[in-house]
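Colleague: Taken in order, these protein sequences are the chains called A and B.
Take any residue in the first sequence, count from 1 to its spot, add 94: that is its number in my numbering.
Take any residue in the second sequence, count from 1 to its spot, add 1169: that is its number in my numbering.
Virtual Cβ for every residue (Gly too), placed ideally from N, Cα, C.
Given the structure is predicted, the values throughout are model-derived calculations rather than measurements.
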Amino acid sequence: KAGVTQTPRYLIKTRGQQVTLSCSPISGHRSVSWYQQTPGQGLQFLFEYFSETQRNKGNFPGRFSGRQFSNSRSEMNVSTLELGDSALYLCASSLTGPGGEQYFGPGTRLTVT
Amino acid sequence: QQQVKQSPQSLIVQKGGISIINCAYENTAFDYFPWYQQFPGKGPALLIAIRPDVSEKKEGRFTISFNKSAKQFSLHIMDSQPGDSATYFCAALNTGNQFYFGTGTSLTVIP
């Protein structure tokens, strides 16, 4: 059974640009959650999608958005990038949601210069 | 505001020893408390989890102790091995399905 895959693995962008990250969950999983991981703030919940609907959202500005497709694949978009957006972005999939067992992908390392 | 406080930040243990990592939370709406293990270059992996209706859960060498009245929970790693060297995160999920993570503990097990 294939695990959670995230693309790209590494990304370098310039301040002010926008970026789109992709996450393919484990087959059969309908819930995808996104997290930001930084040395200073640790792991922070961004949002969760289930069957193409955003069910929960963390405390991030509107520049961070996401969507989920009918095949459960999810994308996360960050517009008007800031230096502070440099982080490891992780997605996690589960059958029912964060309260069930979550499987994390390896993450996308975003560097904003 | 850090809703889940984790300590210590780093921990060095001899092989065969017991590693203990502690977490405290403030929000009584939390109802699911997992621990994750993360190796460099990898995403976190669920290690063990507990719900507040039990005070202890054991899986192999890993045990969660949960104290609902004190709003604290801890991870005990018995017979620690060098392969356990990783970063450990506690987390808490509230009834609104939002996760809050501790700041992580870097564990080093010395052979």
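To the nearest angstrom, how far is it from the Cα of P1221 of chain B to the Cα of K1240 of chain B?
Modeller: Looking up residue 1221 of chain B in the second sequence gives position 52. Looking up residue 1240 of chain B in the second sequence gives position 71. The alpha-carbon atoms of P1221 of chain B and K1240 of chain B are separated by roughly 10 angstroms.
Colleague: Here's a check: name, in chain order, each residue in its chain whose Cβ is nearer than 6 angstroms to the Cβ of P1209 of chain B, leaving out the five neighbours to either side.
Modeller: The residue given as residue 1209 of chain B occupies position 40 in the second sequence. Correct list: empty, nothing qualifies.
Colleague: Quick one: what's R203 of chain A bridged to in DSSP?
Modeller: What you label residue 203 of chain A is simply residue 109 of the first sequence in a count that begins at 1. In the DSSP output, where bridge partners are listed per residue, R203 of chain A has A:Y104 and A:L182.
Colleague: Just checking: is the beta-carbon of R161 of chain A within a distance shorter than 8 angstroms of some beta-carbon in chain B?
Modeller: In the first sequence, residue 161 of chain A corresponds to position 67, counting from 1. With 8 angstroms as the cut-off, R161 of chain A does not count as an interface residue toward chain B.
Colleague: With three or more C-beta pairs closer than 8 angstroms as the rule, is the segment 184 to 204 of chain A touching the segment 1227 to 1234 of chain B?
Modeller: Because the criterion of three Cβ pairs below 8 angstroms is not met, the segment 1227 to 1234 of chain B and the segment 184 to 204 of chain A do not touch.
Colleague: Beta-carbon of G136 of chain A versus every beta-carbon of chain B: anything under 8 angstroms?
Modeller: On the first sequence, position 42 is the one that residue 136 of chain A refers to. Yes, because at least one Cβ of chain B sits closer than 8 angstroms to the Cβ of G136 of chain A.
Colleague: Decide if F210 of chain A is buried, meaning its Cβ has at least 16 other Cβ atoms within 10 Å, or exposed.
Modeller: Residue 210 of chain A lies beyond the range of chain A shown here (95 to 207); nothing can be said about it.
Colleague: Name the residues in the segment 112 to 128 of chain A whose C-beta lies less than 7 angstroms from a C-beta of chain B; which are they?
Modeller: Residues: none.
Colleague: Under the DSSP definition of a beta bridge, which residues are partnered with F139 of chain A?
Modeller: As a first step, residue 139 of chain A must be located in the first sequence, where it is residue number 45. Looking at the DSSP assignment, F139 of chain A forms a beta bridge with A:Y129.
Colleague: Starting from the Cα of G178 of chain A, find the closest Cα among A:Q148, A:R157, A:S145 and A:R103 and give me that residue.
Modeller: Walking along the first sequence from the start, residue 178 of chain A turns up at place 84. When each option's Cα is compared against that of G178 of chain A, the closest is A:R157.
Colleague: Could you tell me whether the Cβ of L105 of chain A comes closer than 8 angstroms to any Cβ of chain B?
Modeller: Indexing the first sequence from 1 puts residue 105 of chain A at position 11. No, no contact with chain B.
Colleague: Taking the alpha-carbon positions, what's the N1284 of chain B to F1199 of chain B distance?
Modeller: Lying before the first or after the last residue shown, residue 1284 of chain B is absent from chain B, which here runs from 1170 to 1280.
Colleague: Just the Cα atoms here: how many angstroms apart are W128 of chain A and F198 of chain A?
Modeller: Counted from its first residue, the first sequence places residue 128 of chain A at position 34. Counted from its first residue, the first sequence places residue 198 of chain A at position 104. Straight-line Cα distance between these residues: approximately 9 angstroms.
Colleague: Can you give me the C-alpha to C-alpha distance between V172 of chain A and L182 of chain A, rounded to a whole angstrom?
Modeller: The residue labelled residue 172 of chain A in the question sits at position 78 within the first sequence. The residue labelled residue 182 of chain A in the question sits at position 88 within the first sequence. Cα-Cα distance, rounded: 13 angstroms.
Colleague: Do we get a CB-CB distance below 8 angstroms when we pair L204 of chain A with the residues of chain B?
Modeller: Taking the first residue of the first sequence as 1, we reach residue 204 of chain A at position 110. So no, L204 of chain A is outside the interface.
Colleague: Would you call the CB atoms of A1260 of chain B and Y1205 of chain B closer than 8 angstroms?
Modeller: In the second sequence, the residue the question calls residue 1260 of chain B occupies position 91. In the second sequence, the residue the question calls residue 1205 of chain B occupies position 36. Yes, Cβ-Cβ distance for A1260 of chain B and Y1205 of chain B is below 8 angstroms.
Colleague: Closest by CA to S1179 of chain B, which one among B:S1243, B:A1255 and B:V1223?
Modeller: Mapped onto the second sequence, residue 1179 of chain B falls at position 10. For S1179 of chain B, the nearest C-alpha among the options comes from B:A1255.
Colleague: Ignoring anything shorter than 3 residues or poking outside the segment 1175 to 1256 of chain B, list the beta strand (DSSP E) runs there in chain order.
Modeller: Within the segment 1175 to 1256 of chain B, the complete beta strand (DSSP E) runs of at least 3 residues are 1179 to 1183, 1188 to 1194, 1199 to 1207, 1214 to 1219, 1225 to 1228, 1231 to 1236 and 1241 to 1246.
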